[in-house]
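Colleague:
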Amino acid sequence: MVIDHGIARSHRLGGVLPDERGRFGRYGGRYVPEGLMAALLDLERTYLAARNDPRFIAELDELLRDRVGRPTLLHQIPRFAGALRVPGVRVYLKREDMTHTGAHKINNAIGQALLARRMGKCRIIAETGAGQHGVAVATVCAMLGLSCVVYMGADDMARQESNVVRMRLLGAEVRAVSTGGRGLKEAVSESVRDWVANLDTSHYVFGTAAGPAPYPWIVREFQTVIGRESRAQILKSEGRLPDYVLACVGGGSNAVGMFHPFVDDPGVRLIGVEAAGRGGHEHAATLNFGRPGEVDGSYSYLLQDEDGQISRTHSIAAGLDYPGVGPELSHLKDAGRAVFGTATDAQALRGLRALSRTEGILPALESAHALGYLLDVAERGELPPDSVVLVCLSGRGDKDLHIAADGLDAPEPDLRT
Ligand SMILES: *Cc1c(COP(=O)(O)O)cnc(C)c1O
1 MVIDHGIARS HRLGGVLPDE RGRFGRYGGR YVPEGLMAAL LDLERTYLAA
51 RNDPRFIAEL DELLRDRVGR PTLLHQIPRF AGALRVPGVR VYLKREDMTH
101 TGAHKINNAI GQALLARRMG KCRIIAETGA GQHGVAVATV CAMLGLSCVV
151 YMGADDMARQ ESNVVRMRLL GAEVRAVSTG GRGLKEAVSE SVRDWVANLD
201 TSHYVFGTAA GPAPYPWIVR EFQTVIGRES RAQILKSEGR LPDYVLACVG
251 GGSNAVGMFH PFVDDPGVRL IGVEAAGRGG HEHAATLNFG RPGEVDGSYS
301 YLLQDEDGQI SRTHSIAAGL DYPGVGPELS HLKDAGRAVF GTATDAQALR
351 GLRALSRTEG ILPALESAHA LGYLLDVAER GELPPDSVVL VCLSGRGDKD
401 LHIAADGLDA PEPDLRT
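Numbering (UniProt numbering), first residue to last: 1 to 417.
1) Give a single yes or no on whether GLY319 has its beta carbon closer than 7 angstroms to a heavy atom of ligand 1.
2) GLY272 by DSSP, collapsed to three states: which one?
3) Let me know the alpha helix (DSSP H) ranges lying completely inside the stretch 150-182, each 4 residues or longer, listed in chain order.
4) Consider the C-beta atom of THR342 and the heavy atoms of ligand 1; say whether any pair is separated by less than 7 angstroms.
5) Does the Cβ-Cβ distance between THR179 and VAL150 come in under 8 angstroms?
6) Does the stretch 326-337 come close enough to the stretch 352-368 that 3 or more CB-CB pairs lie under 8 angstroms?
7) Alpha carbon to alpha carbon, what distance is there between PRO71 and PHE80?
8) Flag this pair as yes or no: are the beta carbons of VAL205 and SER253 separated by less than 8 angstroms?
9) The alpha helix (DSSP H) spanning HIS281 covers which residue range?
10) Is THR344 close to chain E, meaning its C-beta is less than 8 angstroms from at least one C-beta of that chain?
11) What does a CB cutoff of less than 6 angstroms around PRO327 pick up in its chain, not counting 5 residues either side in sequence?
12) Going by DSSP, name the residue or residues bridged to GLN76.
13) When DSSP labels each residue in this structure, what does HIS369 get in the three-state scheme?
14) Below 8 angstroms, how does it come out for the stretch 189-203 and the stretch 109-126: are there three or more Cβ pairs, yes or no?
15) Is the Cβ-Cβ distance between LYS185 and LEU393 less than 8 angstroms?
16) Is SER300 helix, strand or coil by DSSP?
17) CA-CA distance, GLY250 and GLU274?
18) By Cβ distance below 6 angstroms, which residues in the same chain neighbour LEU371 in space, the five residues on each side in sequence not counted?
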């Protein structure tokens, strides 16, 4: 089955372009104040020119190679696969945790920083929740000599103090946001306010494949490096495409970046894994339990109550704790091209412990949701024998040690390998 996206195709960085209004099917768009329209159109024009400019692509590729450490490894995890207890199953990990700064976010941060420079802007604004995106942006700004302001909710700053120190050491100014819920939502609002006031000098580096057009498209394009490398690597080692591709879903950037190069391969099943949190109403599983609405400048699935108020979310993984999701994943869901499962906090911790013990790799709690989901599916007898499974390991777990340590006294996962 090939999905007809009804939108133009391009071959340069590969992919499905959004239509002229920046929509993926019925999702996306630009729901922003008039003052931002020109800046968004300028960003779109700049990117369209950059992606056809061999010098831009060459500089991006060089930085990804020399400063990020790409291509990242793709390899089998036979002891983890053994723990699934399904005959003949092979599991491959895409090691985004081995990039500089330890997560996929730097792929997008570098790309957007180069676009900022191309637009003649030498001041970068970014929002951050747990600090992962802020650290990636601060790192890139130090690398390229750009000045950097990161907005972060005051409560998040208290919770993620080490990332605040990291960003400051890297030369970024971290501004505490003390309004409203003192979290990511407020940090996004402050970033936009700063951007509108400083459009001539500043570019806002948005951290996930969501927000107003052209961000969902641009962020996806910079993250498709994950899927493009994986596709070539697995063809080389396996001689065929995988049966299943799994990635965790927060705003959706590592998932859509991994999925995109497989969208036209009908035999490859794309599975996003959202955070089911503590179960009940305490979750962040937008595509599973939300309905379409407007959030952060675009139309997409959203967790909201009957009155359209954005719901409070919970996940043990800070990077998944977000009520929205990018428009392209919403479109892939409605088109039936990707499906979305969930993993609870407990299942994610189980995934983290299992991978650590069987393979010596400590995954980020976000990525551990995909592993927990896989363990669960295998246990339910729903994973066919001889399947080839590709999992995006979006980040490393060092940032989550204080949370994972709490679970150390829990019963051991039953891993007979
Ligand atoms: C931020 C983050 C995520 C979630 O963001 P997406 O945009 O959905 O990819 C997942 N994993 C890690 C390690 C992160 O830092």
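For glycine and all other residues, C-beta sits at the position ideal for the given N, C-alpha and C.
This one's a predicted model, so the numbers in the text were calculated from it and none came from an experiment.
Modeller: Looking at the coordinates:
1) Indexing the sequence shown from 1 puts residue 319 at position 319. Within the cutoff, so yes.
2) Stepping through the sequence shown from its first residue, residue 272 is reached at position 272. It is a strand residue.
3) 154-159, 161-169
4) The count along the sequence shown starts at 1 and reaches residue 342 at position 342. No.
5) In the sequence shown, the residue the question calls residue 179 occupies position 179. In the sequence shown, the residue the question calls residue 150 occupies position 150. No, the Cβ-Cβ distance between THR179 and VAL150 is not below 8 angstroms.
6) no
7) Within the sequence shown, numbered from 1, the residue matching residue 80 stands at position 80. Within the sequence shown, numbered from 1, the residue matching residue 71 stands at position 71. So the alpha carbons of these two residues sit roughly 23 angstroms apart.
8) Residue numbering aside, residue 205 sits at position 205 when the sequence shown is read from its first letter. Residue numbering aside, residue 253 sits at position 253 when the sequence shown is read from its first letter. Going by C-beta atoms, VAL205 is not nearer than 8 angstroms to SER253.
9) As a working note, residue 281 is residue 281 in the sequence shown. From DSSP, HIS281 is part of no alpha helix (DSSP H); its letter is neither H nor E.
10) Absence of chain E from the displayed structure is noted, only one protein chain being present.
11) Within the sequence shown, the letter at position 327 stands for residue 327. Hits under 6 angstroms: PHE24, TYR27, GLY28, PRO216, SER298, SER300.
12) Here residue 76 refers to the residue found at position 76 of the sequence shown. According to DSSP, GLN76 bridges with TYR92.
13) Residue 369 sits at position 369 when you count from the first residue of the sequence shown. If DSSP states are grouped into helix, strand and coil, HIS369 belongs with the helices.
14) yes
15) Sequence index remark: in the sequence shown, residue 185 carries index 185 (1-based). Sequence index remark: in the sequence shown, residue 393 carries index 393 (1-based). Result no, Cβ atoms of LYS185 and LEU393 do not sit closer than 8 angstroms.
16) In the sequence shown, counting from the first residue as 1, residue 300 sits at position 300. Correct three-state label for SER300: strand.
17) The residue given as residue 250 occupies position 250 in the sequence shown. The residue given as residue 274 occupies position 274 in the sequence shown. So the two alpha carbons sit approximately 7 angstroms from each other.
18) Against the sequence shown, residue 371 aligns to sequence position 371. Taken in chain order, the residues that qualify are GLY351, LEU355.
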